Structures are given as structure tokens and as C-alpha cells.
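Asks:
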Amino acid sequence: MSRADHPRSIAVPIFALVVTAVFVVTATFFAVTFSGPPPRAAPMQTSSIAAFLQAPRAQSRDSRRMTLTEGAAPVARADERPSIGQDVIIAAALDAAPRDVRGFYSEPGGDRRNEIRGGFTIGWKSAGIWRVVRTDPEPLFTRWHLVTLGAMLAAMLLLAGPAWWIARAISKPLRQLADTATTARAGAPLGTLPAGGASEVRDLTRAVSAMHQRLTRHAEGRTTMLAAIAHDLGTPLSRLSFRVEHLPEEARERAAADIAEMRAMIASLLRFARDEASERSDARIDLGSMLDALVEDMHMAGTPVSLEPGERAIVRGDPQALRRLFTNLIDNAVRYGESAVLSWHVADGIADILIDDRGPGVDPVQAERLFEPFVRGDPSRNRATGGTGLGLAIVRGIAESHGGTVTLERHDGHGRARVRLPVEANR
1 MSRADHPRSI AVPIFALVVT AVFVVTATFF AVTFSGPPPR AAPMQTSSIA
51 AFLQAPRAQS RDSRRMTLTE GAAPVARADE RPSIGQDVII AAALDAAPRD
101 VRGFYSEPGG DRRNEIRGGF TIGWKSAGIW RVVRTDPEPL FTRWHLVTLG
151 AMLAAMLLLA GPAWWIARAI SKPLRQLADT ATTARAGAPL GTLPAGGASE
201 VRDLTRAVSA MHQRLTRHAE GRTTMLAAIA HDLGTPLSRL SFRVEHLPEE
251 ARERAAADIA EMRAMIASLL RFARDEASER SDARIDLGSM LDALVEDMHM
301 AGTPVSLEPG ERAIVRGDPQ ALRRLFTNLI DNAVRYGESA VLSWHVADGI
351 ADILIDDRGP GVDPVQAERL FEPFVRGDPS RNRATGGTGL GLAIVRGIAE
401 SHGGTVTLER HDGHGRARVR LPVEANR
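If you use the UniProt record's numbering, the sequence shown corresponds to residues 1 to 427, in order.
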């Protein structure tokens, strides 16, 4: 069996990365602690301090950290305090009287008599002249800081490559799966699914594929059921049409209008179900040419609609479905706002198409609900003003199947529908 037949769990590389990171960091700090420089300066020997006061030209390891001046008596720095005990020790090392030594120490009272830790300012009065030695100020970043930071940076760079590779190996199939699931719709082929990845990713891929198949079967079953209902309703409607011919003229016209309305509602319902379940083509469409042809056709049919020219944009999708989308929105604009004006522009790879009308627009609170099936803007359920309540549901389904969105807005006190569709990059 190959490794591909038995993919490892996603927990394996994550666990390996965590263990490796802990090991590398521990080894780095171990090396810095036991092989690197000390985190603070080593204590100075009192003998070295005494020798420097007596002969400042003498070179020693400690003399490189001290400065000698002559003249004024010693003055303590901000963090230094006097210590008579330390003065006595220094005086003994100088073979001088304790009254001739005056010192100030940042860490007075060390645990060893022959060492002084931390900074200090020590003066020795010799032949009436004060000789003062001071430790040099500690730098902001000592060698220990630099070595530690350098070691940590090296460890981070060492781990960055494997960490990035593992993160990409985990996220790439998940990103591909998420993109496919976002554009999936019943009746259309499922997009490209990741072929590799960890065992959990493959299980998720199989689950998404199975879910899509179930949704497709459900949509097909619903369409079949609605088609059967429409067929069964067609027979009694035909009989009713035959019978109304024997009614008086006024009653006959009303009954015929009711029957025609029922047929239109059944046709709209079937169209909505088939739009959700049917497979659409994937063609390159010139957005401007399609809208121009649609507006011209509707204008010739007497629809008060106009088109403002925009930049060239190519979208991918089903031409008939997109024509139906914009036809429904234009019909809504004319029904509720007297006329429609189309315009569009392209930004950041998205075509923003606007359908403006002269109506008052919809309540922003109710705008989203109008895209639900059988929800109408006219609560009276009058088809002369409200339709079947499926037009906007069809519009949203088409927009989402093309990777776009559709919203209803108010602009300058009037109604506006906004459709956003992804466009192809210019070649």
C-alpha cells in the first residue's frame, strides 16, 4: 500500500511541528545559558580595584570596565549607596586608612569579601588628592542580549520554513474545498475538489461531494414533483376553460383571467424550480453587449428603460440566465418605479451593475426578506402589482450561481437594485 492510500491525520504534522519547535527552542536556550556570555558582568576583585587606583596604566581584565579621575571627592550616582564595610575592605587592599577611602555601591554588602558586584564609585585620598574610580555604564544591549536575540532569531528562521510548508499543505486543500463549496449549486457539476491532503481533509471532501449529490437528487425530485403537479392541474384547468365558455360574457372574461393567472403562477413555480436544479452553460459574455441588446429588445416592446454606457467587461456564465436576471429587475423597476435606468462600472475585478427607478424604493429592513420565495412587496397578494413572489428569488439564485450578489437599496430617495458579478481580467 502506498502512503497516498493511507493518508496521515492532520494532527501528525501539527504535533511534529510543535515538538520540533519546543526542542529547538529548548536547545537554543540551553546553548545560550551554558555556552554563551553571562547575562550580567562578572564581579570585580577588590585587588584589581586597588591596583587600578594605585597604577591606572596597569592592564587587567577588570580595568577595561573602569575609569579613573583625580581631583574632586567621589559623588554617588543615582543607584549607588555608601557601605562602610566595603570601604574597609578596599582600604585593606590599598594598605590605607579607612578614613581615606570613600565608596558608593549599587549592590553594597556582597556575599564575598574580595568581590564587588554591580556598579560603584570609589575614591582614595592619597597625598591630599582624591583618586576616583568608576565603573563604566552598562550598555542598553549587552553581549548576552545580542547573543540571545541572535540565537532566538536563528531558531525562528530555522522553524519558519517547515512551519510555512506545513501550514500551506494543510490550508491549500481546505481553501480549495471552501471555494468549491461556495460556488456549488444543485444541478450543476461540483467544482474541482482537492485530491490530496490529510485524512480529515479527504473525509471532508467526500462528505461535501456526497452532500452535493443529495442536494441534486432533492432538487431533481422537487422539480419532478412540481412538474407532475402542474401536469395534473393542467387537465382540470382545461376543463374549466371549456366550461367557462358557456358563462355570460362578463363572468366568462373574469373566469378566463383567473385561469390564465393560475397557469402563469404554475409556470413561474416550475421555472423557479428548474432554474435551481438545471445545469447552466459557462460562456464568456460581453456585459455591455448583452445589456445593450436586452434594453433594446425591452424598449421595442414598450418598456421605459434606458442604458448608460460603461467600460468593457467580460463575465462568465449562462447568457439566458443573466438576461432573465436583468429582465426581472427591470420589470420590477418599471412596475414600482415607472421607468428603469441601467448603468455599470468595474472595480477590483467586480462589475457593479445598477438598476435605478423613480419609485420610493423598499424599506431597508424588508429588503432582504423580499428575496425569499413567495414574499412580495405588495401584501395584498394582487398579481397586477405584486407578481408571484418568485421573481427576486430567481434573481438571487442566478446571481449566486454566477458567483455574484444582488441587493435592493435606496438612492437619493428612489429605488435601486445592485448586481455585483465577477469579471475576467483584461488580457
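Where is the CB? At the ideal position from N, CA and C, for every residue including glycine.
What you are looking at is a predicted structure, and each value in this text was computed from that prediction instead of being measured.
Where does the unbroken alpha helix (DSSP H) through Arg222 begin, and where does it stop?
Replies: Locating residue 222 in the sequence shown gives position 222, where the first residue counts as 1. Its alpha helix (DSSP H) spans residues Ser199 to Val244.
Asks: Among all the DSSP beta bridges, which residues are the ones paired with His345?
Replies: One-based indexing of the sequence shown puts residue 345 at position 345. Partner(s): Asp352.
Asks: Look up Val419 in the DSSP assignment and say whether it is helix, strand or coil.
Replies: Looking up residue 419 in the sequence shown gives position 419. Val419: strand per DSSP, three-state reduction.
Asks: So, with DSSP's three-state summary, where would you put Leu140?
Replies: In the sequence shown, residue 140 corresponds to position 140, counting from 1. DSSP places Leu140 in coil when its eight states are reduced to three.
Asks: Between the segment 6–13 and the segment 138–148, are three or more C-beta pairs nearer than 8 Å?
Replies: Because the criterion of three Cβ pairs below 8 Å is not met, the segment 6–13 and the segment 138–148 do not touch.
Asks: Since I believe Val423 is in contact with Val362 (beta carbons under 8 Å), could you give me their beta-carbon distance rounded to a whole number of angstroms?
Replies: For the purposes of this step, residue 362 is taken as residue 362 along the sequence shown, with counting starting at 1. For the purposes of this step, residue 423 is taken as residue 423 along the sequence shown, with counting starting at 1. With a Cβ gap of about 27 Å, Val362 and Val423 do not count as contacting.
Asks: Taking the C-alpha atoms as reference points, what is the distance between Glu368 and Ala333?
Replies: Numbered from 1 along the sequence shown, position 368 holds the residue referred to as residue 368. Numbered from 1 along the sequence shown, position 333 holds the residue referred to as residue 333. The straight-line gap from Cα to Cα measures roughly 17 Å.
Asks: Who does Gly161 pair with in a DSSP beta bridge?
Replies: Translated into the one-based positions of the sequence shown, residue 161 becomes position 161. Paired residues: none, contrary to the question.
Asks: How should Leu157 be labelled, buried or exposed, when 16 other C-beta atoms within 10 angstroms of its C-beta is the threshold for buried?
Replies: Here residue 157 is taken as the residue at index 157 of the sequence shown, counted from 1. It is exposed - the Cβ of Leu157 has fewer than 16 other Cβ atoms within 10 Å.
Asks: Provide the residue span of the beta strand (DSSP E) that contains Leu408, from first to last.
Replies: Indexing the sequence shown from 1 puts residue 408 at position 408. From DSSP, the beta strand (DSSP E) with Leu408 extends over Thr405 to His411.
Asks: Helix or strand or just coil, what does DSSP make of Thr26?
Replies: Stepping through the sequence shown from its first residue, residue 26 is reached at position 26. It is helical.
Asks: How about Glu115 and Gln45: do their beta carbons lie closer than 8 Å?
Replies: Translated into the one-based positions of the sequence shown, residue 115 becomes position 115. Translated into the one-based positions of the sequence shown, residue 45 becomes position 45. Contact: yes.
Asks: On the criterion of 16 or more Cβ atoms from any shown chain inside 10 Å, does Leu408 qualify as buried, or is it exposed?
Replies: As a working mapping, residue 408 is identified with position 408 in the sequence shown. Per the 10 Å Cβ criterion, buried.
Asks: With three or more beta-carbon pairs closer than 8 Å as the criterion, would you say the segment 309–326 touches the segment 396–404?
Replies: The answer is yes - the segment 396–404 touches the segment 309–326, with three or more Cβ pairs under 8 Å.
Asks: Going straight from the alpha carbon of residue 515 to that of Gly161, what length do you get?
Replies: The requested residue 515 does not occur in the structure, where the chain is confined to residues 1 to 427.
Asks: Quick check on the DSSP output: the alpha helix (DSSP H) that includes Glu296 runs from which residue to which?
Replies: Here residue 296 corresponds to residue number 296 of the sequence shown, with the count starting at 1. Looking at the DSSP string, the run of the alpha helix (DSSP H) that includes Glu296 is Leu287 to Met300.
Asks: Applying the criterion that 16 or more other CB atoms from any shown protein chain within 10 Å of the CB defines a buried residue, is Ala50 buried or exposed?
Replies: Counting from one through the sequence shown, the residue named residue 50 turns up at place 50. So Ala50 counts as buried.
Asks: When you compare the segment 238–250 with the segment 217–225, are there three or more beta-carbon pairs, one atom per stretch, that lie closer than 8 Å?
Replies: Because the criterion of three Cβ pairs below 8 Å is not met, the segment 238–250 and the segment 217–225 do not touch.
Asks: Whole angstroms is fine: what's the gap from Ala283's alpha carbon to Leu149's?
Replies: Residue numbering aside, residue 283 sits at position 283 when the sequence shown is read from its first letter. Residue numbering aside, residue 149 sits at position 149 when the sequence shown is read from its first letter. Answer to the nearest angstrom: the Cα atoms are 57 Å apart.
Asks: What is the rounded straight-line gap between the Cα of residue 444 and the Cα of Gln176?
Replies: The structure shown does not extend to residue 444, since the chain spans only 1 to 427, so no value can be given for it.
Asks: Indicate the three-state DSSP secondary structure (helix, strand or coil) for residue 439 in the structure shown.
Replies: Because the chain spans 1 through 427 in this model, residue 439 falls outside it and cannot be assessed.
Asks: Considering only residues of the segment 64–103, which uninterrupted beta strand (DSSP E) runs meet the minimum length of 3 residues and lie entirely inside it, listed in chain order?
Replies: As far as the segment 64–103 is concerned, its whole beta strand (DSSP E) runs of at least 3 residues are 66–71.
Asks: Along the beta strand (DSSP E) that carries Gly123, what are the first and last residues, could you check?
Replies: Within the sequence shown, the letter at position 123 stands for residue 123. Phe120 to Ser126 is the extent of the beta strand (DSSP E) around Gly123.
Asks: Between the alpha carbons of Trp130 and Trp144, how many angstroms are there, rounded?
Replies: Here the question's residue 130 lines up with position 130 in the sequence shown. Here the question's residue 144 lines up with position 144 in the sequence shown. Near 35 Å, if we compare the C-alpha coordinates of Trp144 and Trp130.
Asks: Roughly how many whole angstroms lie between the Cα atoms of Ile398 and Leu307?
Replies: Residue 398 sits at position 398 when you count from the first residue of the sequence shown. Residue 307 sits at position 307 when you count from the first residue of the sequence shown. Near 21 Å, if we compare the C-alpha coordinates of Leu307 and Ile398.
Asks: Thinking C-beta only, is Ala151 closer than 8 Å to Val32?
Replies: Here residue 32 refers to the residue found at position 32 of the sequence shown. Here residue 151 refers to the residue found at position 151 of the sequence shown. Taking 8 Å as the Cβ cut-off, Val32 and Ala151 qualify as a contacting pair.
Asks: Kindly give me the distance between the Cβ atoms of Leu270 and Ala210, rounded to whole angstroms, as I take these residues to be in contact under 8 Å.
Replies: By 1-based counting over the sequence shown, the position of residue 270 is 270. By 1-based counting over the sequence shown, the position of residue 210 is 210. Contact doesn't hold; Cβ gap of about 28 Å is too wide.
Asks: Does the Cβ of Val341 have 16 or more other Cβ atoms within 10 Å, making it buried, or fewer, making it exposed?
Replies: Against the sequence shown, residue 341 aligns to sequence position 341. Buried, because 16 or more other Cβ atoms sit within 10 Å of the Cβ of Val341.
Asks: Residues in its own chain within less than 7 Å of Glu372 by CB, not counting five upstream and five downstream?
Replies: Working through the sequence shown from its first residue, we reach residue 372 at position 372. For Glu372, where only same-chain residues beyond five positions count, the Cβ hits under 7 Å are Ala393.
Asks: Helix, strand or coil, according to DSSP, for Ser306 in the structure here?
Replies: Taking the sequence shown and counting its residues from 1, one reaches residue 306 at position 306. Strand.
Asks: Which of helix, strand or coil does DSSP assign to Val132?
Replies: As a first step, residue 132 is located in the sequence shown; it is residue number 132 there, counting from the start. Strand at Val132.
Asks: Rounding to the nearest angstrom, what Cα-Cα distance links Glu311 and Ala293 in this structure?
Replies: The residue given as residue 311 occupies position 311 in the sequence shown. The residue given as residue 293 occupies position 293 in the sequence shown. So the two alpha carbons sit approximately 16 Å from each other.
Asks: Measure the CB-CB distance between Trp124 and Asp100 and report whether it falls below 8 Å.
Replies: Walking along the sequence shown from the start, residue 124 turns up at place 124. Walking along the sequence shown from the start, residue 100 turns up at place 100. Their beta carbons are under 8 Å apart, which means Trp124 touches Asp100 by this criterion.
Asks: Does DSSP put Asp357 in a helix, a strand or coil?
Replies: Taking the sequence shown and counting its residues from 1, the one referred to as residue 357 is at position 357. Here Asp357 sits in strand by DSSP.
Asks: Within 10 angstroms of the Cβ of Ser48, are there 16 or more other Cβ atoms? Answer buried if so, exposed if not.
Replies: Indexing the sequence shown from 1 puts residue 48 at position 48. Ser48 is buried by the Cβ-count criterion.
Asks: Could you tell me which of Arg65, Thr20, Thr121 and Ala78 sits nearest to Gln86, measuring between CA atoms?
Replies: Sequence index remark: in the sequence shown, residue 86 carries index 86 (1-based). Selected option, being the one with the closest Cα: Thr121.
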